[in-house]
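Student: Residue numbers (the working numbering): 199 to 445.
Where a beta carbon is used, it is the ideal one built from N, C-alpha and C, also for glycine.
None of these values were measured; they are calculated from a predicted model.
In structure tokens:
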């Protein structure tokens, strides 16, 4: 289903997880992206980043807020499959598999290994400033090419995690499937706390994060967020009107 200039997968979370497990055995690398509102706004401002998402094997819709907004205007949306939910669903099913983790703090990774001892984790922790440090990016790619994992979690933030996954796919030498999931592994490890389930289902996870980190997130969610949601929603609605008029 095409929305916001991207083609989103139409499978629900369980079907998506099953497809990923099958893809993990592939000899050639492919990757999954989970764009949310922040990602979509970045793509609006920096269209040169669009190929990172357009050329992904799976592009998953990670915004309940945006889904609700489009629904108010009668626009269908793909199933919402968040990176955090997908990661939580996948991890118990990766026992015995070779899994790469790119990023994570030491304490978070230690907690993750304790929680999932049957997974064969291998971690590479790149330095700060990875977005502009091409030598450090090469180190990440070399690590993955040597390890040949079945599943790779890119947990270094957007857009650098998508850049790394796209480079490995384009330049070759990788294996299995990569997931660009941001902080999802910290939630899975229990070192970061997600919103209660009722807030997630209501599309209020942003409010939970704002309450926990008001200094860092107030501007994003209270000022930029509403303007951004409205701009993206209106742009998509106008796009739908043009498509109907053209058809």
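(1) For residue 253, which option in 315, 227, 353, 270 has the closest C-alpha, if you only look at C-alpha atoms?
(2) Does the structure place the segment 351-366 close enough to the segment 226-245 that three or more beta carbon pairs sit under 8 Å?
(3) Mind pulling the alpha helix (DSSP H) runs of 4 or more residues that sit fully within the segment 317-346?
(4) Pull up the distance between the alpha-carbon of residue 270 and that of residue 341, whole angstroms please.
(5) Kindly list the residues whose CB is nearer than 6 Å to the CB of residue 261, restricted to its own chain and excluding five residues on each side of it in sequence; keep chain order.
(6) Between which residues of its own chain and residue 286 is the CB-CB distance below 8 Å, once the five residues before and five after are set aside?
(7) Where residue 267 and residue 202 are concerned, what is the direct C-alpha to C-alpha distance, given to the nearest angstrom?
(8) Let me check understanding here. Comparing Cα to Cα, which of 284, 301, 283, 295 lies closest to residue 338?
(9) Using a Cβ-Cβ cutoff of less than 6 Å, which residues in the same chain neighbour residue 374 once the five nearest sequence positions on both sides are dropped?
(10) Can you give me the start and stop residues for the beta strand (DSSP E) that residue 314 sits inside?
(11) Does residue 276 pass the burial test, meaning 16 or more other C-beta atoms within 10 Å, or should it be called exposed?
(12) Mind checking if residue 199 is an interface residue toward chain C, Cβ cutoff 8 Å exclusive?
(13) Cβ of residue 358 within 8 Å of Cβ of residue 328?
(14) Would you say residue 204 and residue 257 are within 8 Å of each other, going by their C-beta atoms?
Tutor: Result, derived from the coordinates:
(1) 227
(2) yes
(3) DSSP runs (the alpha helix (DSSP H)) wholly in the segment 317-346: 332-345.
(4) 46 Å
(5) 234, 235
(6) Same-chain partners within the cutoff: 382, 385, 386.
(7) Distance between the alpha carbons of residue 267 and residue 202: 13 Å.
(8) 301
(9) 222, 347, 348, 349
(10) Per DSSP, residue 314 belongs to no beta strand (DSSP E) and is neither H nor E.
(11) buried
(12) The chain labelled as chain C is not found in the depicted structure, where only one protein chain is given.
(13) yes
(14) yes
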